[in-house]
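Data first, discussion second: the structure below is written as structure tokens.
Numbering (the numbering used here), first residue to last: 1119 to 1267.
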């Protein structure tokens, strides 16, 4: 599993409670663009409405500017391919106070592109500090172990 596009701020800003794997309805040029890394998941979210789930706010830049149709919208709403049970779970969790559904990363799974979607809760400021502190101590431990070898 190789991550093509990753929402790096998500792990710092949010506490991940549960994650799902979803397919996406994409155009051919969008697939090429995602594989080339020309996309951003920052500020995007997932909305579950009327038995369907949609990715809102994700930007997928055109693969080739000159060959892109004039009507192409890089921030269009994209349908997510999930089972009915997963969609009802997401819709139920979306209704709970304090929970949000965001995309974490786009990755290859065989010849297909998949989107990892997570149900998250926003971290408090002191939780973010704890995460940064733990990351720094882990980095220094690894650095000292590497230098001793």
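The beta-carbon is built from N, C-alpha and C at its ideal position, and this holds for glycine as well. Since the structure is predicted, the reported quantities are computational estimates derived from the model, not experimental observations.
Listed as beta-bridge partners of residue 1244 by DSSP are no residues whatsoever. When DSSP states are grouped into helix, strand and coil, residue 1158 belongs to the strand group. By the neighbour-count criterion, in which 16 or more other beta carbons inside 10 Å mark a residue as buried, residue 1187 falls on the exposed side. Annotated three-state conformation of residue 1197 is strand, per DSSP. Judged by their CB atoms, residue 1209 and residue 1220 are not nearer to each other than the 9 Å cut-off. Here residue 1151 is buried. Its C-beta has 16 or more other C-beta atoms within 10 Å. DSSP lists 1199 as the bridge partner or partners of residue 1141.
Looking from the CA of residue 1245, the closest CA among 1181, 1133, 1201 and 1119 belongs to 1133.
Excluding sequence positions up to five before and after residue 1156, its CB lies within less than 6 Å of the CB of 1179, all in the same chain and listed in chain order. Contact annotation: the stretch 1193-1209 touches the stretch 1124-1142, with at least three C-beta pairs closer than 8 Å. If the five residues before and after residue 1174 are omitted, its C-beta is found closer than 8 Å to the C-beta atoms of 1162, 1163, 1164, 1165 and 1195, all from its own chain and listed in chain order.
Annotation for residue 1186: no alpha helix (DSSP H) segment contains it, and DSSP assigns it neither H nor E.
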